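Worksheet: one structure, shown below.
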Amino acid sequence: MFDYLIVGAGFAGSVLAERLASQSGKKVLLVDKRNHIGGNTYDFYNTEGILVHKYGPHIFHTNSEEVYKYLSQFTPWRPYEHRVLASVDGMLVPIPINLNTINMLYGLKLSTDDVENFLQCRAERKTPILTSEDVVVNKVGRELYEKFFKSYTKKQWGLDPSELDASVTARIPTRKNRDDRYFSDIYQGMPLHGYTKMFENMLSHPNIKVLLNTDYKEISDLIPFREMIYTGPIDYYFDYCYGKLPYRSIEFKFETIGAEIFQATGTVNYPNEHPYTRVTEFKYLTGQKHPQTTIVYEYPKQEGDPYYPVPRTENAELYKKYQVLAAGLKNVYFTGRLATYKYYNMDQVVAQSLKLHKTLIAFAANDRQLNGHKLTSFQS
Ligand code: FAD
Ligand code: UDP
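Position one of the sequence shown corresponds to residue 1325 (this note's numbering), numbered consecutively onward.
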């Protein structure tokens, strides 16, 4: 008998498997329908011997010391600060928009103070700020919004920024200085030997059994377990009874080129008419030395693997209906980007799973005190 059936071997499921096995002495069956662990962060060496990310570029960054220290038990890190250029008006300029971006685009020599005025003159004040269009137009005005955000967002989400929650484009700051890093978190880096190696280390505990190539619905009636942790899409768990939740997908097209370097930085964004949103060159991320180089183009699409929950009001309302069903289940816990329908980065998913583990321990302690009377299930 397993104490836990955990569905999904990405960050959400693997952190819980590791914690429950190593800290709480639980026996865990971790099941994934794919043929590998690591979820969307899975990386591998391609036929040319270059380390690539199967589901698009993943750069680790966090302000959480707890998350960083936790993951550091399973991997050393390669220091790496991601930098992105955007292809705008025939130039490659830094994104997030910073002082250099403005000076390059407009042929100016503004200082930090000047750029403050420059942007203030262009910004259109919006109150309240409700949409992804409002956020950007309110900060930098319509012209820069159209150059950097409008068409990229339309491609990425199949929606106009005015149809998306403010939180989506609010992920991208605007800077008055020359800081050209994509992220400004305290901790930034890449697992030195890759994500998959880090997951192998996390899951190497003898109390964890991993079952791949298996949809949990094929085995959940056959294998006895006490509780389930579910990290797949929440609407699938409930057989889409309220209809499908929209998740955005991407087609990744890889190319290996017979040159050491393809582009000037880790990622180039294309906020223009190209059908892809961005191109990433893995060797910048991994630091690998190799005479060839592999790049990946991202083509967003409607159908396919569910990668991005789509943050907008009607989707949040539909998710809430599923959340009510989930909260009513005893002994099934929902966590992760797909199961809680949150546009979370890796570190946020790790934090969510560490929190759920603490809650499960507290439940178990209460349960013992209450002589076996069950508490209601936890929804983070
Ligand atoms: P997932 O990694 O999706 O894992 C869920 C697992 O559940 C999957 O392996 C799936 O196969 C399995 N599963 C689903 N249904 C079933 C079923 N019925 N039976 C069995 N198994 C099932 N975050 C960052 O912090 N930095 C980045 O640079 C970054 N870049 C990203 C780029 C892209 C293109 C994408 C799509 C995401 C990116 N992210 C990034 C986000 C990051 O991928 C997620 O935060 C994280 O991987 C979510 O982990 P998870 O375990 O919740 O979900
Ligand atoms: N975005 C944009 N232009 C850019 C970069 C980002 O319009 O050059 C918008 C777009 O809507 C995108 C969102 O900001 O989906 C968040 O960007 P991020 O790079 O965080 O996306 P992710 O890495 O999660 O795909």
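Built from N, CA and C at the ideal position, the CB exists for glycine as well. Treat the numbers as computed from the prediction; the structure is a model and nothing was measured.
query: When the Cα atoms are used, what is the spatial distance from Y1394 to G1349?
result: 18 Å
- prompt: What are the uninterrupted segments assigned as beta strand (DSSP E) that are 3 or more residues long and contained completely in the segment 1412 to 1436, given in chain order?
  reply: 1415 to 1419
task: Please classify T1618: does DSSP put it in a helix, a strand, or coil?
output: strand
message: Measuring straight from C-alpha to C-alpha, what distance separates V1603 and G1590?
response: 8 Å
- prompt: Given 8 Å as the limit, is there contact between the segment 1578 to 1594 and the segment 1549 to 1567, that is, 3 or more CB pairs closer than that?
  reply: no
message: Between Y1328, W1481, K1357 and F1578, which has its C-alpha nearest E1627's C-alpha?
response: W1481
field: Cα-Cα separation, V1460 to R1466
entry: 8 Å
task: Grab the span of the alpha helix (DSSP H) containing F1335 for me, first residue to last.
output: F1335 to S1346
task: Specify which residues have a beta carbon nearer than 6 Å to any heavy atom of the ligand UDP, listing them in chain order.
output: A1410, I1419, F1472, F1473, Y1476, T1477, Q1480, V1492, T1493, R1495, I1496, N1593 and P1595
message: Going by DSSP in three states, K1577 sits in which element: helix, strand or coil?
response: strand
CA nearest to the CA of V1620, picked from S1338, K1378 and N1359: K1378
field: T1477, DSSP secondary structure in three states
entry: helix
message: For G1513 and E1405, what's the separation of their Cα atoms in angstroms?
response: 7 Å
- request: Return the chain-ordered list of same chain residues with a C-beta closer than 6 Å to the C-beta of S1677, the five sequence neighbours on each side being excluded.
  value: A1336, V1339, L1340 and T1659
query: Between D1327, L1353, R1343 and L1344, which lies nearest to L1536 when the distance is taken from Cα to Cα?
result: L1353
query: If you compare alpha carbons, which of G1380, P1497, G1362 and R1636 is closest to E1524?
result: G1362
F1586: CB within 6 Å of a non-hydrogen atom of the ligand FAD: no
- prompt: Among residues of its own chain, excluding the 5 on either side of D1503, which ones have a beta-carbon nearer than 8 Å to its beta-carbon?
  reply: N1422
- request: Return the residue from the list K1471, G1380, H1681 and N1427 that minimises the CA-CA distance to E1440.
  value: N1427
task: Indicate the three-state DSSP secondary structure (helix, strand or coil) for E1448 in the structure shown.
output: coil
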